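Sequence order for the protein chains is E, W and U. Following my numbering, the numbering of the first sequence begins with 18 at its first residue and continues without gaps. Following my numbering, the numbering of the second sequence begins with 55 at its first residue and continues without gaps. Following my numbering, the numbering of the third sequence begins with 85 at its first residue and continues without gaps.
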Amino acid sequence: MSLLEVEDLRTGYGLLPVLQGLSFSIDEGQTAVLLGINGAGKTTTVNAIAGLLRAWSGQIRFEGSRIDGLEPWDVVARGVALVPEGRRVFPAMTVRANLELGAWTSRAQVRKTIDEVYGYFPRLQERSGQLAGTLSGGEQQMLAIGRALMSRPRLLLVDEASLGLSPLLAQTVFQVIDRINDDGTTVLVVEQNAGVLPYADQALVMEKGTITFDGPATALEGSDELRRTYLG
Amino acid sequence: MATEALPAVAEPPDLGEAARFWGPRYGVWALIVAVVVAVGLLGPNAAQHGVVAAAYVIVGLSLNIILGYTGQLSLGHQGFVGAGALFAAYSATKVGLPFGPALVIGVAAGAAFALLLGFVALRIRGLYLALITLVFGLALQVSLFQAPSLTNGGAGQPANRPSSLLAPDRYYFVCLGITLLVMYLDYRLTKSKAGRAFITIRDDERVASAFGINVTAYKLLAFVLCGATAGLAGGLLAFASQQFNGNSYTFQLALTFVLMTVVGGVGSRSGVVVGSVLFALLHDFLATFHPFISLTHVLPGQLSTNAQQFGPDLIGALLLLVTLAVNPGGIHAGIAPLMSWLRGGDFTRADDGPASHGEGPSGRP
Amino acid sequence: MSAHLVLASVGSTVGTPLVGGIVNGAVYGLVALGIVLLYKAGRIFNFAQAEFGTASAFVTVAFLQGIGPFPKVPAPLAVVAGLITGGLLGFLSERLIITRLFRAPRATVLVATAGIALFLISLEAVLLGVSTPHVFPRVGGQSHFALFGTLQSNDSYKFGYTEITMVATLLVVAGLAALFFRTRYGMAILAVSQEPTAAGVVGINVRSISALTWVLAGVLGAVAGIVNAPFTGALTPGFMTLNGPLINGFIGAILGGITSFPGAFVGGLLVGVVSSYAGQYMPAAVPGGATVVVAALLLFTLLVRPTGLLGQEV
Ligand SMILES: Nc1ncnc2c1ncn2[C@@H]1O[C@H](COP(=O)(O)OP(=O)(O)OP(=O)(O)O)[C@@H](O)[C@H]1O
Ligand SMILES: [Mg+2]
Numbered sequence: 018m019s020l021l022e023v024e025d026l027r028t029g030y031g032l033l034p035v036l037q038g039l040s041f042s043i044d045e046g047q048t049a050v051l052l053g054i055n056g057a058g059k060t061t062t063v064n065a066i067a068g069l070l071r072a073w074s075g076q077i078r079f080e081g082s083r084i085d086g087l088e089p090w091d092v093v094a095r096g097v098a099l100v101p102e103g104r105r106v107f108p109a110m111t112v113r114a115n116l117e118l119g120a121w122t123s124r125a126q127v128r129k130t131i132d133e134v135y136g137y138f139p140r141l142q143e144r145s146g147q148l149a150g151t152l153s154g155g156e157q158q159m160l161a162i163g164r165a166l167m168s169r170p171r172l173l174l175v176d177e178a179s180l181g182l183s184p185l186l187a188q189t190v191f192q193v194i195d196r197i198n199d200d201g202t203t204v205l206v207v208e209q210n211a212g213v214l215p216y217a218d219q220a221l222v223m224e225k226g227t228i229t230f231d232g233p234a235t236a237l238e239g240s241d242e243l244r245r246t247y248l249g
Numbered sequence: 055m056a057t058e059a060l061p062a063v064a065e066p067p068d069l070g071e072a073a074r075f076w077g078p079r080y081g082v083w084a085l086i087v088a089v090v091v092a093v094g095l096l097g098p099n100a101a102q103h104g105v106v107a108a109a110y111v112i113v114g115l116s117l118n119i120i121l122g123y124t125g126q127l128s129l130g131h132q133g134f135v136g137a138g139a140l141f142a143a144y145s146a147t148k149v150g151l152p153f154g155p156a157l158v159i160g161v162a163a164g165a166a167f168a169l170l171l172g173f174v175a176l177r178i179r180g181l182y183l184a185l186i187t188l189v190f191g192l193a194l195q196v197s198l199f200q201a202p203s204l205t206n207g208g209a210g211q212p213a214n215r216p217s218s219l220l221a222p223d224r225y226y227f228v229c230l231g232i233t234l235l236v237m238y239l240d241y242r243l244t245k246s247k248a249g250r251a252f253i254t255i256r257d258d259e260r261v262a263s264a265f266g267i268n269v270t271a272y273k274l275l276a277f278v279l280c281g282a283t284a285g286l287a288g289g290l291l292a293f294a295s296q297q298f299n300g301n302s303y304t305f306q307l308a309l310t311f312v313l314m315t316v317v318g319g320v321g322s323r324s325g326v327v328v329g330s331v332l333f334a335l336l337h338d339f340l341a342t343f344h345p346f347i348s349l350t351h352v353l354p355g356q357l358s359t360n361a362q363q364f365g366p367d368l369i370g371a372l373l374l375l376v377t378l379a380v381n382p383g384g385i386h387a388g389i390a391p392l393m394s395w396l397r398g399g400d401f402t403r404a405d406d407g408p409a410s411h412g413e414g415p416s417g418r419p
Numbered sequence: 085m086s087a088h089l090v091l092a093s094v095g096s097t098v099g100t101p102l103v104g105g106i107v108n109g110a111v112y113g114l115v116a117l118g119i120v121l122l123y124k125a126g127r128i129f130n131f132a133q134a135e136f137g138t139a140s141a142f143v144t145v146a147f148l149q150g151i152g153p154f155p156k157v158p159a160p161l162a163v164v165a166g167l168i169t170g171g172l173l174g175f176l177s178e179r180l181i182i183t184r185l186f187r188a189p190r191a192t193v194l195v196a197t198a199g200i201a202l203f204l205i206s207l208e209a210v211l212l213g214v215s216t217p218h219v220f221p222r223v224g225g226q227s228h229f230a231l232f233g234t235l236q237s238n239d240s241y242k243f244g245y246t247e248i249t250m251v252a253t254l255l256v257v258a259g260l261a262a263l264f265f266r267t268r269y270g271m272a273i274l275a276v277s278q279e280p281t282a283a284g285v286v287g288i289n290v291r292s293i294s295a296l297t298w299v300l301a302g303v304l305g306a307v308a309g310i311v312n313a314p315f316t317g318a319l320t321p322g323f324m325t326l327n328g329p330l331i332n333g334f335i336g337a338i339l340g341g342i343t344s345f346p347g348a349f350v351g352g353l354l355v356g357v358v359s360s361y362a363g364q365y366m367p368a369a370v371p372g373g374a375t376v377v378v379a380a381l382l383l384f385t386l387l388v389r390p391t392g393l394l395g396q397e398v
């Protein structure tokens with residue numbers, strides 16, 4: 018059984034349909050990458066999984082039980098954490114307070130988890146007393162990922178991991194995601210940057226609200242045609 | 055997709071024909087005119103209430119200029135209305151001006167105070183400005199309206215109507231005429247260059263100035279027009295009770311004015327007119343409304359008396375809350391099809407006010 | 085003349101307005117705290133804030149004196165009943181009205197809160213009438229203290245209801261401050277106000293936090309009303325909204341920079357003291373002098389220092 022199963026998912030905004038029958042699944046321990054041109058519906062997909070958007074029909078199952086229809090805070094409690102598009106750190110709070118709020122649902126080992134996050138992103142430790150709103154874009158991205166990790170999720174959803182980061186920093190973030198995955202967390206990354214493919218096990222390509230490619234990341238990497246279409 | 059598989063229902067062409075048939079429309083128009091005229095013929099009591107309703111309609115339209123057309127909330131309208139009433143009464147009684155010129159002085163007073171506030175509004179916006187209007191109205195209420203030299207030491211300033219207008223029914227028809235004139239001018243305003251400028255400014259000030267609209271001038275103009283109409287309503291109210299009494303123009307009255315505009319439907323002329331009439335007559339209406347009376351009679355002792363006296367206020371506030379929570383378009387949303395039909399269009403929902411309500415309460419899906 | 089009496093006479097010209105101003109100002113400060121709380125949490129101007137206080141004060145007085153169906157209970161219980169009333173009113177306002185206006189313009193939300201205030205005022209009028217005013221008993225008796233100007237020539241200091249209410253106010257403010265700054269729920273309120281989406285995503289139940297915020301605001305309003313009631317004398321429907329606390333609370337909140345709790349309380353005190361002196365020293369020919377002076381203070385602040393006199397976000 019897969020950790021996450023999305024089956025014939027349809028949803029949208031107001032009366033506008035965006036996802037038109039989306040199906041895919043991710044196995045435990047994998048790193049999956051979700052690719053697609055702007056407006057394909059990637060953010061809509063991860064937001065629907067995280068409970069920010071109601072499903073119109075279809076199912077989302079996590080560890081076999083349905084999570085569509087749950088509120089975002091209940092989804093987190095089940096073990097699915099989202100790094101939302103646009104980072105959305107709490108700007109008027111310190112880095113440390115942001116991380117502590119990330120542990121809202123799992124308060125048992127806050128210290129230990131913060132140390133783990135600092136281990137992934139030493140920069141955050143240096144800046145722990147700084148207001149999050151004054152961090153650089155890249156630092157905010159690290160904080161957003163770190164904050165999501167604070168809930169000790171089994172599935173981490175990252176929307177646009179490398180947006181606005183320098184190529185070097187993007188590589189660093191991918192490496193950290195790889196480490197997070199090695200440490201036992203399943204990851205779904207939305208990305209536009211082809212540099213993520215070497216770190217991914219599974220690749221998903223979206224077009225106009227449906228999945229048009231679902232296979233091993235190496236297959237996508239090998240296919241120049243696909244690469245050119247979706248990654249430019 | 056299942057949800058959009060519904061085929062379009064066959065269009066009934068005969069309905070379109072019926073909509074173009076003017077007979078029933080004239081009938082409804084005639085009914086409205088008959089009711090409005092009848093108020094003046096039903097005796098002095100009805101006419102007196104009719105005058106208040108007419109004045110409230112003017113206040114509603116005044117608030118609609120500032121709230122509906124420019125998106126600013128005024129919580130100090132008792133100040134403008136009261137200033138109009140005070141100065142009209144003063145110039146009629148102390149200066150000896152005839153009715154018409156005294157009324158003009160009332161209009162000028164409302165406009166002048168609004169202009170003053172308008173200058174502040176150029177610097178301060180949104181909720182802060184709403185608060186400023188509140189404090190401004192309050193300051194007028196507790197200082198100017200109580201000034202001994204203007205109000206006979208607080209006893210009130212008489213405002214006697216000329217003998218030709220002494221009969222309430224005559225005064226009612228004068229007020230009715232003035233109200234219709236204000237409605238027509240308001241209609242012209244929305245169709246004019248200034249009206250379009252107001253809407254553009256409301257939707258986005260920076261866009262407006264990029265279009266070359268003089269934002270400062272139009273904002274001041276909106277305030278002046280708003281204050282002038284409020285002052286006019288005040289003058290009519292002073293002559294209605296034949297005296298200015300500072301204690302009638304309270305913060306609670308300002309809230310009632312906002313209530314009736316919002317319940318009517320911000321930005322919609324017809325909605326605001328209906329809302330204003332409703333709130334002006336709510337007490338009188340409920341006093342003769344049998345279900346309400348019998349309800350209050352069920353209550354024990356003092357409670358029954360209280361309910362008769364204050365129940366209408368309670369119902370008014372409840373109307374507002376229900377409007378906001380359930381039907382943000384207000385009365386306007388309910389009567390829009392009727393209004394559209396009465397004007398010769400189809401019986402469908404149509405906006406008779408300015409286009410999309412940026413600041414109106416209907417701005418949610 | 086003994087030093088005692090000098091003190092007393094200085095006290096009565098300078099001190100009496102001061103103590104009156106501080107008492108009123110504490111009430112304004114409490115109202116301002118509630119206003120700031122809701123402004124921080126959702127950028128809402130709550131015009132029902134003071135009316136939560138009126139309703140709560142009426143419930144307290146009803147329990148204190150056993151009016152109508154209310155049983156007569158000891159003072160602390162009556163006060164607790166008042167506080168619960170305030171919290172409940174805040175909760176109901178949020179659930180029934182405010183949540184439905186999630187996407188409405190802010191002016192509409194303001195009108196809605198004003199509607200809640202008007203609804204409560206009319207409800208009080210229907211239930212209680214306006215002809216039989218209810219007097220809130222003063223617990224602890226008149227205070228006598230030289231600096232506060234009420235000392236008779238050979239009285240000694242007596243701890244009275246002024247001091248009792250001041251101490252109670254400070255305790256409540258300290259308690260709420262602790263709740264806000266020392267528990268994770270205070271953090272959650274701030275998180276929801278800064279990034280509602282992210283707050284939900286980290287697992288904060290945004291809906292219950294919003295309700296909690298309104299409950300807190302309602303309780304703060306209740307404290308303001310119950311503190312104010314003994315000084316008001318005869319309680320009339322809407323006394324907190326129509327007689328000054330609401331508007332002066334707003335002005336205090338803005339003087340304090342609208343997002344600062346300490347600023348709001350100090351701002352409220354300032355408004356209280358300024359209007360007290362203005363009332364004392366403005367010429368009698370200018371009716372409503374205190375209101376005019378405070379209005380000028382607000383206008384000056386907004387035009388010259390829109391971030392408030394004390395302002396920074398705390
Ligand atoms: N709040 C919204 N209201 C209406 N339409 C929306 C909303 N959010 C997204 N859409 C529309 O839904 C479609 C999918 O958007 P989505 O954000 O999921 O795309 P995306 O794949 O994440 O794109 P990008 O790579 O640019 O982030 C787009 O056409 C977008 O315009
Ligand atoms: Mg996206």
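From the three backbone atoms N, C-alpha and C, an ideal C-beta is built for every residue, glycine too. The structure presented is a predicted model; accordingly, all values stated were derived computationally and were not measured.
Task: 8 angstroms Cβ shell around W/A162 - same chain, five flanking residues per side excluded - done: As a working mapping, residue 162 of chain W is identified with position 108 in the second sequence. Within the same chain, and ignoring the five residues on either side of W/A162 in sequence, the residues whose Cβ sits closer than 8 angstroms to its Cβ are F141, A282 and G285.
Task: Interface flag, U/P371 vs chain W, CB-CB below 8 angstroms - done: Mapped onto the third sequence, residue 371 of chain U falls at position 287. The beta-carbon of U/P371 is placed less than 8 angstroms from the nearest beta-carbon of chain W.
Task: Where W/A361 meets chain U, residues with beta-carbon distance less than 7 angstroms - done: For this step, residue 361 of chain W is matched to residue 307 along the second sequence. Simply V210.
TODO: Please compile the residues from chain E whose C-beta is within a distance smaller than 9 angstroms of the C-beta of U/G333.
DONE: By one-based count along the third sequence, residue 333 of chain U stands at place 249. Going along chain E, no residue has its Cβ under 9 angstroms from U/G333, so there is no contact; the nearest lies around 24 angstroms.
Task: Inter-residue spacing [alpha-carbon to alpha-carbon] between W/A101 and W/L95 - done: Mapped onto the second sequence, residue 101 of chain W falls at position 47. Mapped onto the second sequence, residue 95 of chain W falls at position 41. Computed Cα separation, rounded: 7 angstroms.
Task: Within chain U, partners of W/D240 - CB distance below 9 angstroms - done: Your numbering for residue 240 of chain W matches position 186 in the second sequence. Near W/D240 there are no residues of chain U at all, since even the closest Cβ is about 20 angstroms away, more than 9 angstroms.
Open item on the list: Is W/R179 close to chain U? Criterion is C-beta to C-beta, closer than 8 angstroms.
Closed with: Translated into positions along the second sequence, residue 179 of chain W becomes position 125. Chain U, which has no Cβ nearer than 8 angstroms to the Cβ of W/R179, makes this no.
Task: Limits of the unbroken beta strand (DSSP E) element including E/Q37 - done: Position 20 of the first sequence, counting from 1, holds the residue named residue 37 of chain E. Where E/Q37 is concerned, the enclosing beta strand (DSSP E) stretches over L33 to I43.
Open item on the list: Considering only heavy atoms of ligand 2, does any lie closer than 7 angstroms to the CB of E/T60?
Closed with: The residue given as residue 60 of chain E occupies position 43 in the first sequence. Yes, ligand 2 has a heavy atom inside 7 angstroms of this Cβ.
Task: Stretch-stretch touch, CB-based, cutoff 8 angstroms, three pairs: the stretch 165-185 of chain U with the stretch 300-313 of chain U - done: Contact between the stretch 165-185 of chain U and the stretch 300-313 of chain U is present: three or more C-beta pairs spanning the two stretches fall below 8 angstroms.
- [ ] Please confirm whether W/R215 and W/F293 have their CB atoms less than 8 angstroms apart.
- [x] Residue 215 of chain W sits at position 161 when you count from the first residue of the second sequence. Residue 293 of chain W sits at position 239 when you count from the first residue of the second sequence. The answer is yes: Cβ separation under 8 angstroms.
Open item on the list: Are there any heavy atoms of ligand 1 lying less than 7 angstroms away from the beta-carbon of E/L327, as far as the coordinates show?
Closed with: Outside the shown range of chain E (18 to 249) lies residue 327 of chain E, about which nothing can therefore be said.
Task: Residues of the stretch 165-180 of chain E whose Cβ lies closer than 9 angstroms to any Cβ of chain U, in chain order - done: Within the stretch 165-180 of chain E, the qualifying residues are A165, M167 and S168.
- [ ] Can you pull the chain U residues whose beta carbon is under 7 angstroms from the beta carbon of W/G365, in chain order?
- [x] Here residue 365 of chain W corresponds to residue number 311 of the second sequence, with the count starting at 1. Under a criterion of Cβ atoms nearer than 7 angstroms, the residues of chain U adjacent to W/G365 are, in order, V210.
TODO: Locate the beta strand (DSSP E) running through E/R27, then write down its first and last residues.
DONE: As a working note, residue 27 of chain E is residue 10 in the first sequence. Start and end: L21 to Y30.
TODO: Specify the secondary structure class of W/L322 as computed by DSSP and reduced to three states.
DONE: For the purposes of this step, residue 322 of chain W is taken as the residue at position 268 of the second sequence. It should be pointed out that residue 322 of chain W corresponds to Ser in this sequence rather than to Leu. Note: W/S322 maps to coil in three-state DSSP.
Open item on the list: Could you compute how far the alpha carbon of U/Q236 sits from the alpha carbon of U/L117?
Closed with: Against the third sequence, residue 236 of chain U aligns to sequence position 152. Against the third sequence, residue 117 of chain U aligns to sequence position 33. Legend: pLDDT at U/Q236 = 43, less than 50; position of this residue unreliable, no value from coordinates given.
Open item on the list: So with CB distances below 7 angstroms, who are the chain W contacts of U/V376?
Closed with: For this step, residue 376 of chain U is matched to residue 292 along the third sequence. Ordered by position in chain W, the residues that pass the 7 angstroms Cβ test against U/V376 are A193 and S197.
- [ ] Compare the C-alpha of W/I156 against each of W/L171, W/A137, W/F167 and W/Y241 and name the closest.
- [x] For the purposes of this step, residue 156 of chain W is identified with residue 102 of the second sequence, where counting begins at 1. The amino acid occupying residue 156 of chain W in the given sequence is Ala; Ile does not appear at that position. Among W/L171, W/A137, W/F167 and W/Y241, the Cα nearest to that of W/A156 is on W/A137.
- [ ] Verify the CB distance criterion: does E/R105 have a CB-CB separation below 8 angstroms to chain U?
- [x] Along the first sequence, one-based indexing puts residue 105 of chain E at 88. By the rule that beta-carbons nearer than 8 angstroms mark a contact, E/R105 touches chain U.
Task: heavy atom of ligand 1 below 7 angstroms from U/N108 C-beta - done: The residue you call residue 108 of chain U lines up with position 24 of the third sequence. Between ligand 1 and U/N108, a heavy atom-to-CB distance of less than 7 angstroms is absent.
Task: Option nearest E/V63 by Cα separation, candidates E/G146, E/V23 and E/A94 - done: As a first step, residue 63 of chain E must be located in the first sequence, where it is residue number 46. Comparing Cα positions, the closest option is E/V23.
Open item on the list: Using only CA atoms, which one of U/A380, U/G372 and U/F345 lies nearest to W/G208?
Closed with: As a working note, residue 208 of chain W is residue 154 in the second sequence. With distances taken between Cα atoms, W/G208 lies closest to U/G372.
Open item on the list: Does chain U have any CB closer than 8 angstroms to the CB of W/A84?
Closed with: The count along the second sequence starts at 1 and reaches residue 84 of chain W at position 30. Nearest CB-CB separation between W/A84 and chain U: not below the 8 angstroms threshold.
Open item on the list: I'd like to confirm something about E/E177: is its beta-carbon nearer than 7 angstroms to some heavy atom of ligand 2, or not?
Closed with: Walking along the first sequence from the start, residue 177 of chain E turns up at place 160. Because some heavy atom of ligand 2 lies under 7 angstroms away, the Cβ of E/E177 counts as near it: yes.
Task: 8 angstroms Cβ cut-off: residues of chain E touching U/N289 - done: Taking the third sequence and counting its residues from 1, one reaches residue 289 of chain U at position 205. Per Cβ cutoff of 8 angstroms: E88 and W90.
Open item on the list: For U/F186, count the other beta carbons within 10 Å of its own beta carbon; 16 or more makes it buried, fewer makes it exposed. Which is it?
Closed with: What you label residue 186 of chain U is simply residue 102 of the third sequence in a count that begins at 1. An exposed status is given to U/F186, since fewer than 16 other beta-carbon atoms sit within 10 Å of its beta-carbon.
Task: Buried or exposed by the 16-neighbour rule on C-beta atoms within 10 Å, applied to W/N99 - done: In the second sequence, residue 99 of chain W corresponds to position 45, counting from 1. Around the beta carbon of W/N99, fewer than 16 other beta carbons lie within 10 angstroms, which makes this residue exposed.
Task: Alpha-carbon spacing of W/L340 relative to W/I119, whole angstroms - done: On the second sequence, residue 340 of chain W is found 286 positions in, with the first residue counted as 1. On the second sequence, residue 119 of chain W is found 65 positions in, with the first residue counted as 1. Cα-Cα distance, rounded: 29 angstroms.
- [ ] Starting from the beta carbon of W/I186, find every residue of chain U whose beta carbon is closer than 9 angstroms, and list them in chain order.
- [x] Here residue 186 of chain W refers to the residue found at position 132 of the second sequence. Contact note: W/I186 reaches chain U through A379, L382, L383 and L386, using a C-beta cutoff of 9 angstroms and chain order.
Task: Outcome for E/R83 when other beta-carbon atoms lying within 10 angstroms are tallied against a minimum of 16 - done: The residue you call residue 83 of chain E lines up with position 66 of the first sequence. By the neighbour-count rule (16 or more Cβ atoms within 10 Å), E/R83 is not buried but exposed.
Open item on the list: Comparing C-alpha positions only, which one of E/G53, E/R27, E/R104 and E/R78 sits nearest to E/E208?
Closed with: Along the first sequence, read from residue 1 onward, the residue named residue 208 of chain E stands at position 191. Measuring from the Cα of E/E208, the nearest candidate turns out to be E/G53.
Open item on the list: Does chain W have any CB closer than 8 angstroms to the CB of U/A306?
Closed with: As a position in the third sequence, residue 306 of chain U is number 222, starting the count at 1. Judged by the 8 angstroms Cβ criterion, U/A306 is not in contact with chain W.
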